[in-house]
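J.:
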Amino acid sequence: MHAKTTHRTAAFVLRVLDYGESDRIVTFYTEDFGKLKGIAKGAKRSRRRFANALEPFSCLEILFSRRGRDGLALIEDSTPICHYASLRADLERTLIASYLIDLTDQFTLEGKRQADIYRLLAGFLDLVAQGPALESLWRFFELRLLKLTGYEPVLDRCLACRSLLDPDQSYQFVPREGGLKCGRCGIATYDALPISIGTIRTLLLGRDLDLAKLPRLVVSPQTARESQAVLTAFIRHHLGRDLKSMQVVSEIRKLCI
Ligand SMILES: [Zn+2]
Numbered sequence: 042m043h044a045k046t047t048h049r050t051a052a053f054v055l056r057v058l059d060y061g062e063s064d065r066i067v068t069f070y071t072e073d074f075g076k077l078k079g080i081a082k083g084a085k086r087s088r089r090r091f092a093n094a095l096e097p098f099s100c101l102e103i104l105f106s107r108r109g110r111d112g113l114a115l116i117e118d119s120t121p122i123c124h125y126a127s128l129r130a131d132l133e134r135t136l137i138a139s140y141l142i143d144l145t146d147q148f149t150l151e152g153k154r155q156a157d158i159y160r161l162l163a164g165f166l167d168l169v170a171q172g173p174a175l176e177s178l179w180r181f182f183e184l185r186l187l188k189l190t191g192y193e194p195v196l197d198r199c200l201a202c203r204s205l206l207d208p209d210q211s212y213q214f215v216p217r218e219g220g221l222k223c224g225r226c227g228i229a230t231y232d233a234l235p236i237s238i239g240t241i242r243t244l245l246l247g248r249d250l251d252l253a254k255l256p257r258l259v260v261s262p263q264t265a266r267e268s269q270a271v272l273t274a275f276i277r278h279h280l281g282r283d284l285k286s287m288q289v290v291s292e293i294r295k296l297c298i
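Reminder that position 192 of the sequence shown reads as 233 in the working numbering, one-by-one numbering, no gaps.
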């Protein structure tokens, strides 16, 4: 039997589930322990210990205990760090933030510490909270998260002949195969998507550019369209379905048109 140990760490709330009369089961992405699931006993009643902090994409410091490295943690206390009021006050920003945390939840496993994923989430939530709700931020977050979780699509060369990106060549993106195929190698398959050299270059730039400079990166309507099609298909291929938060976005946008 492992002894119970207590830890303190900063964490983003990914998901909250009511449990029983008064408890909540909360999934966090923590700075020091990766994804972590814990039970907040009496969270529905205790405003003193949990205030309104246990809401998706809130950032807080949590105090938790658990036996061993795995298993459900007991969330003993929490202190709000940032509630992201500006994200909650604006529909577009709420949609982006919900998607970022949903995607993080889907592509990460409990018990694997990756502080760079915590920093990625923190950096993008700050960008969305402080600047315009740019569509391109969705794509650059997707790419960076895919890279950190080991699912990065190949965008700098042809998957088949391995030749590096050539501005005179045409390309298609094959989600099932995980990247680009050049015009010499690619036989159009049912799931191959067209992608222009401009889109490929923008995605590569947006993947690596300093975060503070991202909102200034100009994305053409064609690139926005192509990169959305390509990355959505790629993510769907890995998850085997569409994300719920993405379906919500589609429904809302249909209503707003
Ligand atoms: Zn090729």
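Here a beta-carbon is modelled for each residue, glycine too, at the ideal position from N, C-alpha and C.
Cβ-heavy atom distance between G247 and ligand 1 below 8 Å?
T.: If you number the sequence shown from 1, residue 247 lands on position 206. Result no, Cβ not under 8 Å from ligand 1.
J.: Once you ignore the five residues that flank E176 on each side, which residues in its own chain have a CB closer than 6 Å to its CB?
T.: Position 135 of the sequence shown, counting from 1, holds the residue named residue 176. Within the same chain, E176 has close Cβ partners A265.
J.: State the Cα-Cα distance for the pair Y70 and D209, rounded to the nearest angstrom.
T.: Along the sequence shown, read from residue 1 onward, the residue named residue 70 stands at position 29. Along the sequence shown, read from residue 1 onward, the residue named residue 209 stands at position 168. Their Cα atoms are separated by approximately 43 Å.
J.: Mind checking whether the beta-carbon of G219 lies closer than 8 Å to any heavy atom of ligand 1?
T.: Taking the sequence shown and counting its residues from 1, one reaches residue 219 at position 178. Result no, Cβ not under 8 Å from ligand 1.
J.: Answer yes or no: the CB of R225 versus the heavy atoms of ligand 1, is any distance below 8 Å?
T.: Your numbering for residue 225 matches position 184 in the sequence shown. Result yes, Cβ under 8 Å from ligand 1.
J.: Does the distance from the C-beta atom of L299 to that of P97 stay below 9 Å?
T.: Lying outside 42 to 298, the shown extent of the chain, residue 299 is not represented and no answer is given.
J.: Please state the DSSP three-state secondary structure of A233.
T.: Along the sequence shown, read from residue 1 onward, the residue named residue 233 stands at position 192. In this structure, A233 counts as coil in the three-state DSSP scheme.
J.: Under DSSP, the alpha helix (DSSP H) around S106 begins and ends at which residues?
T.: Start at 1 with the first residue of the sequence shown, and residue 106 comes out as number 65. From DSSP, S106 is part of no alpha helix (DSSP H) but of the beta strand (DSSP E) over C100 to R108.
J.: Between which residues of its own chain and C100 is the CB-CB distance below 6 Å, once the five residues before and five after are set aside?
T.: Position 59 of the sequence shown, counted from the start, is the residue given in the question as residue 100. Hits under 6 Å: F53, I122 and C123.
J.: When burial is assigned at 16 or more other CB atoms within 10 Å of the CB, is D251 buried or exposed?
T.: Counted from its first residue, the sequence shown places residue 251 at position 210. Exposed.
J.: Leaving out five residues on either side along the sequence, give the residues of the same chain with a beta carbon under 8 Å from the beta carbon of D131.
T.: Residue mapping note: residue 131 aligns to position 90 of the sequence shown, counting from 1. Contacts found: A174.
J.: Assuming S268 contacts L244 under a Cβ cut-off of 8 Å, what Cβ separation, rounded to an integer in Å, is found between them?
T.: Counted from its first residue, the sequence shown places residue 268 at position 227. Counted from its first residue, the sequence shown places residue 244 at position 203. Contact flag correct, Cβ pair sits at about 6 Å.
J.: Which runs of the alpha helix (DSSP H) spanning at least 4 residues fall entirely within the region 225-281, listed in chain order?
T.: With a minimum length of 4 residues, the continuous alpha helix (DSSP H) runs that stay inside the region 225-281 are 238-249 and 262-280.
J.: Quick one: what does DSSP say Y32 is sitting in, helix, strand or coil?
T.: In the structure displayed, the chain extends from 42 to 298; residue 32 sits before or after that span and is not available.
J.: Are the region 58-68 and the region 76-86 in contact at 8 Å, needing three or more beta carbon pairs?
T.: Cβ pair count under 8 Å is three or more, so yes.
J.: To which residues of the same chain is D157 closer than 6 Å at the C-beta, ignoring the five residues directly before and after it?
T.: Against the sequence shown, residue 157 aligns to sequence position 116. Excluding residues within five positions, the ones whose Cβ falls inside 6 Å are L189.
J.: Alpha carbons only, please: which of I293, S291 and D283 is nearest the one belonging to Q147?
T.: For this step, residue 147 is matched to residue 106 along the sequence shown. Cα-wise, what sits closest to Q147 is D283.
J.: Run the CB neighbour count on T47, radius 10 Å, all protein chains shown included, and call it buried at 16 or more, exposed below.
T.: As a working mapping, residue 47 is identified with position 6 in the sequence shown. So T47 ends up on the exposed side.
J.: Tell me, please, which residues DSSP counts as bridged to F69.
T.: The residue you call residue 69 lines up with position 28 of the sequence shown. Answer is V54 and L77, bridged to F69.
J.: Once you ignore the five residues that flank L196 on each side, which residues in its own chain have a CB closer than 7 Å to its CB?
T.: Taking the sequence shown and counting its residues from 1, the one referred to as residue 196 is at position 155. Closer than 7 Å at the Cβ level, and outside the excluded window around L196, lie G220, L221, I241, L244 and L245.
J.: Roughly how many angstroms lie between the CA atoms of Y125 and F105, to the nearest whole one?
T.: Start at 1 with the first residue of the sequence shown, and residue 125 comes out as number 84. Start at 1 with the first residue of the sequence shown, and residue 105 comes out as number 64. In a straight line, the C-alpha of Y125 is about 23 Å away from that of F105.
J.: Mark L58 as exposed unless 16 or more other C-beta atoms lie within 10 angstroms of its C-beta, in which case mark it buried.
T.: As a first step, residue 58 is located in the sequence shown; it is residue number 17 there, counting from the start. Exposed: under 16 other Cβ atoms inside 10 Å.
J.: Is any heavy atom of ligand 1 found at a distance shorter than 8 Å from the C-beta of A201?
T.: Residue mapping note: residue 201 aligns to position 160 of the sequence shown, counting from 1. A201: yes, Cβ under 8 Å from ligand 1.
J.: Since V215 and D232 should fall inside the 8 Å C-beta cutoff, what is the C-beta to C-beta distance between them, to a whole number of angstroms?
T.: The residue labelled residue 215 in the question sits at position 174 within the sequence shown. The residue labelled residue 232 in the question sits at position 191 within the sequence shown. That belief holds up - the Cβ atoms of V215 and D232 are roughly 7 Å apart, short of 8 Å.
J.: Could you say which of A274, Y192 and R49 lies nearest to E72 if we only look at CA atoms?
T.: Position 31 of the sequence shown holds residue 72. The shortest C-alpha separation from E72 is found at R49.
J.: Considering only their Cβ atoms, is the gap separating K76 from G191 smaller than 9 Å?
T.: Translated into positions along the sequence shown, residue 191 becomes position 150. Translated into positions along the sequence shown, residue 76 becomes position 35. Not closer than 9 Å, so no.
J.: What first and last residue would you give for the beta strand (DSSP E) that runs through E117?
T.: On the sequence shown, residue 117 is found 76 positions in, with the first residue counted as 1. From DSSP, the beta strand (DSSP E) with E117 extends over A114 to C123.
J.: Using only the heavy atoms of ligand 1, determine whether one of them is closer than 8 Å to the beta carbon of S204.
T.: Start at 1 with the first residue of the sequence shown, and residue 204 comes out as number 163. Yes, the Cβ of S204 comes within 8 Å of a heavy atom of ligand 1.
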